[in-house]
Ligand code: NDP
């Protein structure tokens with residue numbers, strides 16, 4: 001039985017990926033802050049797919065909580081085959097000179113420090129087994145900077161650098177490392193970025209067909225299931241209407 005640990009499973013890409021892996025018979029450890037949603041998703045996974053789901057609610061920004069919750073995983077769940085570092089967010093889209101420092105700190109603490117706190121607990125378990133795969137959810141924002149993207153783009157560029165560093169440093173242990181870099185994906189991402197302004201969030205995905213969370217989950221599943229001698233180091237996927245992070249979306253609908 002294979003095990004995947006996914007952060008940020010209470011919505012979007014993380015939720016779709018947990019369901020995808022569970023449908024294929026994987027056991028899933030699912031994490032996020034919103035406990036009610038997480039437990040509901042765990043029940044759905046168990047009843048619909050028959051796979052086991054272990055929900056762990058914690059805030060990846062909190063180092064102590066992250067370490068305690070992950071170290072509390074029962075021994076029979078600790079043989080983690082794939083870690084998907086997915087929890088992340090953007091807050092605001094102001095020019096840098098108008099940026100909100102609290103928003104900057106939230107993005108840095110979640111997207112960079114949270115990813116490192118989680119990985120620091122799990123990497124030794126993979127090293128001991130000389131086996132494992134870390135998949136880091138970066139973004140096209142980790143490849144290019146766009147107007148108003150400033151600190152969010154910086155955090156995803158950091159994920160890109162961490163991904164490359166992990167690939168080199170974990171090489172001798174046979175651990176695979178992959179970055180998945182999506183473009184516009186219709187999740188709760190824009191609702192969070194625009195702080196609950198659902199009209200603005202909706203407009204981000206209207207007039208063209210964005211990626212759906214399932215599209216990204218498919219790609220993650222493909223990356224995780226290559227033969228043991230094959231590692232996809234990085235993957236960039238966008239909607240057909242989006243060439244990269246800078247050009248405006250081509251509105252087609
Ligand atoms: P969603 O907002 O739908 O999901 C984000 C998930 O991250 C939620 O489950 C949320 O759970 C979790 N999360 C956020 N902050 C924390 C925290 N401090 N501690 C624990 N969990 C946290 O967005 P997406 O599914 O789109 O985002 C997933 C990843 O994909 C992110 O890293 C994002 O940057 C990246 N991405 C998204 C793109 C898009 O267009 N949607 C494009 C490129 C990359 P909870 O709030 O319950 O804690």
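Residue numbers (our numbering): 1 to 253. Note that CB positions come from ideal geometry on N, CA and C, so glycine has one too.
Query: For residue 214 and residue 20, what's the separation of their Cα atoms in angstroms?; Result: 8 Å
Query: Using 8 Å for Cβ pairs, my map puts residue 135 next to residue 180. What's the rounded Cβ distance?; Result: 6 Å
Query: For residue 18, count the other beta carbons within 10 Å of its own beta carbon; 16 or more makes it buried, fewer makes it exposed. Which is it?; Result: buried
Query: If you draw a straight line from the C-alpha of residue 9 to the C-alpha of residue 52, how long is it?; Result: 15 Å
Query: What span of residues does the beta strand (DSSP E) with residue 42 cover, start to end?; Result: Residue 42 -> not in any beta strand (DSSP E); alpha helix (DSSP H) instead, spanning 35-49.
Query: Check this for me: beta carbons of residue 133 and residue 175, under 8 Å apart or not?; Result: yes
Query: So, does the region 30-45 touch the region 57-71, judging by three or more C-beta pairs under 8 Å?; Result: yes
Query: Of the residues 248, 221, 249, 235, which one's Cα is nearest the Cα of residue 28?; Result: 221
Query: Residue 185 and residue 45 - do their beta-carbons sit closer together than 8 Å?; Result: no
Query: Per DSSP, what are the beta-bridge partners of residue 181 in this structure?; Result: 236
Query: So, helix, strand or coil for residue 124, using DSSP?; Result: helix
Query: In its own chain, which residues sit with a C-beta less than 6 Å from the C-beta of residue 204, not counting the 5 before and 5 after it?; Result: 190
Query: Going straight from the alpha carbon of residue 234 to that of residue 170, what length do you get?; Result: 16 Å
Query: Could you pull out every residue in the same chain whose Cβ sits closer than 8 Å to the Cβ of residue 112, ignoring the five residues on either side in sequence?; Result: 155, 158, 159, 162
Query: Does DSSP put residue 229 in a helix, in a strand, or in coil?; Result: coil
Query: Does DSSP classify residue 175 as helix, strand or coil?; Result: coil
Query: Per DSSP, which residues does residue 53 bridge with? Please list them.; Result: 28
Query: Going by the C-beta, is residue 86 closer than 7 Å to any heavy atom of the ligand NDP?; Result: yes
Query: The beta strand (DSSP E) with residue 6 in it runs from where to where?; Result: 3-7
Query: Just confirm the distance between the C-beta atoms of residue 291 and residue 150, as a whole number of angstroms; I'd bet it's less than 8 Å.; Result: With the chain running from 1 to 253 in the structure shown, residue 291 is simply not present.
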